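K.L.:
This is the structure I want to talk about, given as structure tokens.
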Amino acid sequence: MSNTPTLATLRRTLATRLAPISDSPDLEARRLLEIFTGLNGSRLIIEADRPLEPEMIERVETAVARRLTGEPLAYIVGRIGFHDIELEVTPAVLVPRPDTETLVEAALARLPADTALRVADLGTGSGAIALALAHARPRWRLVATDADPNALAVARGNAERLALTTVSFAHGCWLEPLAGERFDAIVSNPPYIDADDSHLDAPALRHEPYHALVADTDGLGDIQRIATAATNHLEPGAPLLVEHGYTQGPAVRRLFAAAGLTRIETEADLGGHPRVTIGYR
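Quick note on the UniProt record's numbering: the sequence shown kicks off at 1 and runs consecutively.
What follows is the structure in structure tokens.
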């Protein structure tokens, strides 16, 4: 009998090895095998007894070794699903999280689908928010900004690969490259972690760009700057939607009110944590 690992045995082994570093080790094991074999989830089951070539096993082992250092799986495989699209990601950008889909859904729920709106996405990173909105709302026109040219290169590449031509990009911090422009909505997932927050010691965060995670003033500095500037760039009655930490809701609502925004509310993410605050000009 051959001792060559099959898809099924390797998947079980991977899940066991990934358990100390992952909240969903079996899903990560499946994802690695999907990427390296080119098979989808159902084919992995159908071909579970298929023996694997040594070269394939070596490639998977290299990926697992990287993952066990805490490196995000998305960086290792170079892509991740977000909302209804798949994005390419590099260490130049944050890995898009499911929590950020709350921001996308909040915007989709509050804005008319069939109107040619102008929407700005500030600090776009991989382009996740802007591209998810463009995919869901083909009539909208989006402009996405980022201060990091390397992040913008990733976002532009994703837009081209997804053929989402309704998104344009501008290099600069927050609204600075959009002087004189007004929008029907502004969305942002800015840095909101305080520099002293112990969460920064998490293995995954050590691999992600620090400047995209950490903000001054107890993690609220960038949110304050965005809220203050947004009132000069929003059409009357238009919303600002910002993602933030789950303990920051009250402080963000105060910042929105101080900036002159009204009808302020906070929405919870899929885990029930306050995650997105919305205010209107």
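From the three backbone atoms N, C-alpha and C, an ideal C-beta is built for every residue, glycine too.
On a predicted model such as this, the values are computed, not experimentally measured, just so you know.
Which of helix, strand or coil does DSSP assign to Arg118?
P.N.:
Against the sequence shown, residue 118 aligns to sequence position 118. Strand at Arg118.
K.L.:
Which of the three DSSP states, helix, strand or coil, is assigned to Thr165?
P.N.:
Within the sequence shown, numbered from 1, the residue matching residue 165 stands at position 165. Three-state result, Thr165: coil.
K.L.:
By Cβ distance below 6 Å, which residues in the same chain neighbour Ser265 in space, the five residues on each side in sequence not counted?
P.N.:
The sequence position of residue 265 within the sequence shown is 265, counting from 1. Going by the sequence as given, residue 265 is Glu instead of Ser. Once the five neighbours on either side are set aside, the close Cβ partners of Glu265 are Ile278.
K.L.:
In whole angstroms, what is the alpha-carbon distance linking Leu111 and Arg182?
P.N.:
Against the sequence shown, residue 111 aligns to sequence position 111. Against the sequence shown, residue 182 aligns to sequence position 182. Approximately 16 Å between the Cα atoms of the pair.
K.L.:
Can you list, in chain order, the residues of its chain whose CB lies under 7 Å from that of Tyr246, leaving out five sequence neighbours each side?
P.N.:
The residue you call residue 246 lines up with position 246 of the sequence shown. His273, Pro274, Arg275, listed in sequence order.
K.L.:
Measure the CB-CB distance between Pro239 and Ala212 and report whether it falls below 8 Å.
P.N.:
By 1-based counting over the sequence shown, the position of residue 239 is 239. By 1-based counting over the sequence shown, the position of residue 212 is 212. Here Pro239 is not near Ala212, since their CB atoms are 8 Å or more apart.
K.L.:
Can you tell me which of the three DSSP states Met1 falls into?
P.N.:
Taking the sequence shown and counting its residues from 1, the one referred to as residue 1 is at position 1. Caution is warranted here: a pLDDT of 40 is assigned to Met1, below 50, making its placement in the model unreliable, and the coordinate value is therefore given only provisionally. Here Met1 sits in coil by DSSP.
K.L.:
Taking the CB atoms as reference points, tell me whether Ile57 and Pro5 lie closer together than 8 Å.
P.N.:
For this step, residue 57 is matched to residue 57 along the sequence shown. For this step, residue 5 is matched to residue 5 along the sequence shown. Yes, the Cβ-Cβ distance between Ile57 and Pro5 is below 8 Å.
K.L.:
Do you know whose CA, among Leu133, Ala204, Gly271, Arg66, lies nearest Leu142's CA?
P.N.:
The count along the sequence shown starts at 1 and reaches residue 142 at position 142. The shortest C-alpha separation from Leu142 is found at Leu133.
K.L.:
With burial defined as no fewer than 16 other Cβ atoms inside 10 Å of the residue's Cβ, what is the status of His171: buried or exposed?
P.N.:
Here residue 171 refers to the residue found at position 171 when the sequence shown is read from its first residue. Its Cβ having fewer than 16 others within 10 Å, His171 is exposed.
K.L.:
Report the CB separation of Ser168 from Leu122 in whole angstroms; it is logged as a contact under 8 Å.
P.N.:
Position 168 of the sequence shown, counted from the first residue, corresponds to residue 168. Position 122 of the sequence shown, counted from the first residue, corresponds to residue 122. Going by Cβ atoms, the distance from Ser168 to Leu122 rounds to 14 Å, so no, they are not a contact pair.
K.L.:
Looking at the unbroken beta strand (DSSP E) that takes in Gly81, where does it start and where does it end?
P.N.:
For the purposes of this step, residue 81 is identified with residue 81 of the sequence shown, where counting begins at 1. Where Gly81 is concerned, the enclosing beta strand (DSSP E) stretches over 79–82.
K.L.:
Kindly indicate which three-state DSSP category His233 falls into: helix, strand or coil?
P.N.:
Here residue 233 refers to the residue found at position 233 of the sequence shown. Reduced to three states, the DSSP call for His233 is coil.
K.L.:
Within this structure, are the beta carbons of Asp222 and Ala229 separated by less than 8 Å?
P.N.:
The sequence position of residue 222 within the sequence shown is 222, counting from 1. The sequence position of residue 229 within the sequence shown is 229, counting from 1. Taking 8 Å as the cut-off, the Cβ atoms of Asp222 and Ala229 do not count as close.
K.L.:
With distances taken Cα to Cα, identify the nearest neighbour of Thr166 among Ala116, Leu39, Val95.
P.N.:
Locating residue 166 in the sequence shown gives position 166, where the first residue counts as 1. Comparing Cα-Cα distances from Thr166 to each of Ala116, Leu39, Val95, the minimum goes to Ala116.
K.L.:
Can you check DSSP and say which residues form a bridge with Asp146?
P.N.:
Against the sequence shown, residue 146 aligns to sequence position 146. His171.
K.L.:
According to DSSP, is Val276 part of a helix, a strand, or is it coil?
P.N.:
Looking up residue 276 in the sequence shown gives position 276. It is a strand residue.
K.L.:
Would you report the Cα separation of Arg79 and Leu255, rounded to the nearest angstrom?
P.N.:
For this step, residue 79 is matched to residue 79 along the sequence shown. For this step, residue 255 is matched to residue 255 along the sequence shown. About 35 Å.
K.L.:
So, are the CB atoms of Leu94 and Gly127 less than 8 Å apart?
P.N.:
As a working note, residue 94 is residue 94 in the sequence shown. As a working note, residue 127 is residue 127 in the sequence shown. No.
K.L.:
When burial is assigned at 16 or more other CB atoms within 10 Å of the CB, is Thr145 buried or exposed?
P.N.:
Residue mapping note: residue 145 aligns to position 145 of the sequence shown, counting from 1. By the 10 Å Cβ count, Thr145 comes out buried.
K.L.:
Note down the Cα distance separating Asp23 from Ala15, rounded to an integer number of angstroms.
P.N.:
Looking up residue 23 in the sequence shown gives position 23. Looking up residue 15 in the sequence shown gives position 15. A straight line joining the alpha-carbon of Asp23 with that of Ala15 spans about 11 Å.
K.L.:
Just the C-alpha distance for Arg253 and Thr217, rounded to the nearest angstrom, thanks.
P.N.:
Numbered from 1 along the sequence shown, position 253 holds the residue referred to as residue 253. Numbered from 1 along the sequence shown, position 217 holds the residue referred to as residue 217. Cα to Cα, the separation comes out at about 15 Å.
K.L.:
Less than 8 Å between the beta carbons of Leu103 and Glu243, yes or no?
P.N.:
Here the question's residue 103 lines up with position 103 in the sequence shown. Here the question's residue 243 lines up with position 243 in the sequence shown. A contact, by the Cβ cut-off of 8 Å.
K.L.:
Have a look at Glu208 and Ala113 and give me their C-alpha separation to the nearest angstrom.
P.N.:
Your numbering for residue 208 matches position 208 in the sequence shown. Your numbering for residue 113 matches position 113 in the sequence shown. If you take the alpha carbons of Glu208 and Ala113, they lie about 34 Å apart.
K.L.:
What does a CB cutoff of less than 8 Å around Ala106 pick up in its chain, not counting 5 residues either side in sequence?
P.N.:
Taking the first residue of the sequence shown as 1, we reach residue 106 at position 106. The residues are Leu241, Glu267, Val276, Ile278.
K.L.:
Roughly how many angstroms lie between the CA atoms of Thr9 and Arg50, to the nearest whole one?
P.N.:
For the purposes of this step, residue 9 is taken as residue 9 along the sequence shown, with counting starting at 1. For the purposes of this step, residue 50 is taken as residue 50 along the sequence shown, with counting starting at 1. Taking the straight line from one Cα to the other gives about 10 Å.
K.L.:
Cutting at 6 Å between CB atoms, please list the residues of its own chain near Met1, excluding the five before and the five after it.
P.N.:
Start at 1 with the first residue of the sequence shown, and residue 1 comes out as number 1. Note that Met1 scores 40 on pLDDT, short of 50, meaning its location in the model is unreliable and no value can be drawn from it.
K.L.:
Would you decide whether Leu270 is buried or exposed? Buried here means 16 or more other CB atoms lie within 10 Å of its CB.
P.N.:
Indexing the sequence shown from 1 puts residue 270 at position 270. Under this definition Leu270 is an exposed residue.
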